[in-house]
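*Asks:* I have a structure I would like to understand better, so I am pasting it below and will then ask my questions one at a time.
Numbering (the working numbering), first residue to last: 4 to 235.
Right, here's the structure in full:
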């Protein structure tokens, strides 16, 4: 995904299997990399079908759209795909904020992110950190907001896998890609973070708005889970 702002497109149906549909192109992003999937509609001959789930078939790389009902269209038909833009944009803002937060936590506290998930209304991340309390995360969120306010352009580009693996900080993520993937999508927030990442992001950190800390949970020895959202 090179253009996170593309909201709709015309597509040709490749496969219909009950309520599941594969298209030759799509603007939908599947559940991947800890970011919730898109929702929206697929329209054909005046009828709109709600897309209730989006996933990736790991064996083929196809994006599978699950509809709320079995469609009347068939293989070879032309359809129009449209995102729930409000949901997508919320995911973009929180996803970019998550990159900023993880970078701050690593650089300041040596805390590695061990898991996380981004939903439209809230994100959560697990950090491996020896000594911490809520104050550390309050300060980190303040720094996220300070970084976001600087209006840094978010750069998205592709890079040869071998070259990407030479960049400190993205090795652990880039190395998870299947060996046959020779080019990686890189998301760079200059001066803040650079990662191999396939998800949707804003073009500029100023679009994030203000991030608010919701709560911090203890999830075991040296493990904290932090919840945060975009403030109203």
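For every residue, glycine included, the Cβ atom is placed at its ideal position computed from N, Cα and C.
(1) Check whether the Cβ atoms of residue 90 and residue 42 sit closer than 7 angstroms, and answer yes or no.
(2) Cα separation between residue 153 and residue 192?
(3) State buried or exposed for residue 123, treating a residue as buried only when at least 16 other CB atoms are found within 10 Å of its CB.
(4) What residue ranges within the region 67-108 form continuous beta strand (DSSP E) runs of no fewer than 3 residues, ordered along the chain?
(5) Would you mind listing the beta strand (DSSP E) stretches within the region 141-220 that are 3+ residues and don't spill past its ends, in chain order?
(6) Starting from the C-beta of residue 101, find all residues in its chain whose C-beta is less than 7 angstroms away, skip the five residues before and the five after it, and write them out in chain order.
(7) Compare the Cα-Cα distances from residue 72 to each of 52, 56, 8 and report the closest residue.
(8) Use the C-beta contact count for residue 96: other C-beta atoms within 10 angstroms, 16 or more gives buried, fewer gives exposed.
(9) For residue 44 and residue 25, what's the separation of their Cα atoms in angstroms?
(10) Could you tell me whether the region 99-117 touches the region 126-145, using the rule of 3 or more Cβ pairs below 8 angstroms?
(11) Spatial neighbours of residue 83 within its chain, please: C-beta separation below 6 angstroms, excluding the five flanking residues on both sides.
(12) Give me the Cβ distance between residue 167 and residue 189, rounded to the nearest whole Å; I'm assuming they're in contact under 8 angstroms.
(13) In angstroms, rounded to a whole number, what distance separates the CA positions of residue 220 and residue 139?
(14) In chain order, what residues of the same chain lie with their CB nearer than 8 angstroms to the CB of residue 175, ignoring the 5 residues before and after it?
(15) By alpha-carbon positions, which one of 29, 36, 216, 224 ends up nearest to residue 94?
(16) Rounding to the nearest angstrom, what Cα-Cα distance links residue 137 and residue 198 in this structure?
(17) In whole angstroms, give me the CA-to-CA distance for residue 170 and residue 213.
(18) Could you check what DSSP says for residue 61 in three-state terms: helix, strand or coil?
(19) Report buried or exposed for residue 104, applying the criterion of at least 16 other Cβ atoms within 10 angstroms of its Cβ.
(20) On a Cα-Cα basis, can you pick out the residue from 99, 77, 55 that is closest to residue 196?
(21) Per DSSP, residue 29 is paired with what?
*Replies:* Let me lay it out:
(1) One-based indexing of the chain shown puts residue 90 at position 87. One-based indexing of the chain shown puts residue 42 at position 39. In this structure, residue 42 lies closer than 7 angstroms to residue 90 by Cβ.
(2) Numbered from its first residue, the chain shown carries residue 153 at position 150. Numbered from its first residue, the chain shown carries residue 192 at position 189. Their Cα atoms are separated by approximately 11 angstroms.
(3) One-based indexing of the chain shown puts residue 123 at position 120. Residue 123 should be labelled buried.
(4) 81-86
(5) 158-163, 186-192, 196-199
(6) Residue numbering aside, residue 101 sits at position 98 when the chain shown is read from its first letter. Contacts found: 119, 121, 126, 128.
(7) Counted from its first residue, the chain shown places residue 72 at position 69. Measuring from the Cα of residue 72, the nearest candidate turns out to be 52.
(8) Counted from its first residue, the chain shown places residue 96 at position 93. Classification for residue 96: buried.
(9) Taking the first residue of the chain shown as 1, we reach residue 44 at position 41. Taking the first residue of the chain shown as 1, we reach residue 25 at position 22. Cα to Cα, residue 44 sits roughly 13 angstroms from residue 25.
(10) yes
(11) Working through the chain shown from its first residue, we reach residue 83 at position 80. 13, 46.
(12) Start at 1 with the first residue of the chain shown, and residue 167 comes out as number 164. Start at 1 with the first residue of the chain shown, and residue 189 comes out as number 186. Residue 167 to residue 189, Cβ: 6 angstroms. Contact.
(13) Locating residue 220 in the chain shown gives position 217, counting from the first residue. Locating residue 139 in the chain shown gives position 136, counting from the first residue. Approximately 13 angstroms, taken between the alpha carbons.
(14) If you number the chain shown from 1, residue 175 lands on position 172. Low confidence applies here, because residue 175 scores a pLDDT of 46, under 50, leaving its location unreliable and the question unanswered by this model.
(15) For the purposes of this step, residue 94 is identified with residue 91 of the chain shown, where counting begins at 1. That would be 36, whose Cα lies nearest to the Cα of residue 94.
(16) Position 134 of the chain shown, counted from the first residue, corresponds to residue 137. Position 195 of the chain shown, counted from the first residue, corresponds to residue 198. Approximately 26 angstroms, taken between the alpha carbons.
(17) Translated into the one-based positions of the chain shown, residue 170 becomes position 167. Translated into the one-based positions of the chain shown, residue 213 becomes position 210. The alpha-carbon atoms of residue 170 and residue 213 are separated by roughly 30 angstroms.
(18) By one-based count along the chain shown, residue 61 stands at place 58. Looking at residue 61 - three-state DSSP - the assignment turns out to be coil, as it is neither helix nor strand.
(19) Sequence index remark: in the chain shown, residue 104 carries index 101 (1-based). Buried is the call here.
(20) Within the chain shown, the letter at position 193 stands for residue 196. Among 99, 77, 55, the Cα nearest to that of residue 196 is on 99.
(21) Walking along the chain shown from the start, residue 29 turns up at place 26. Residue 29 pairs with nothing; no bridge assigned.
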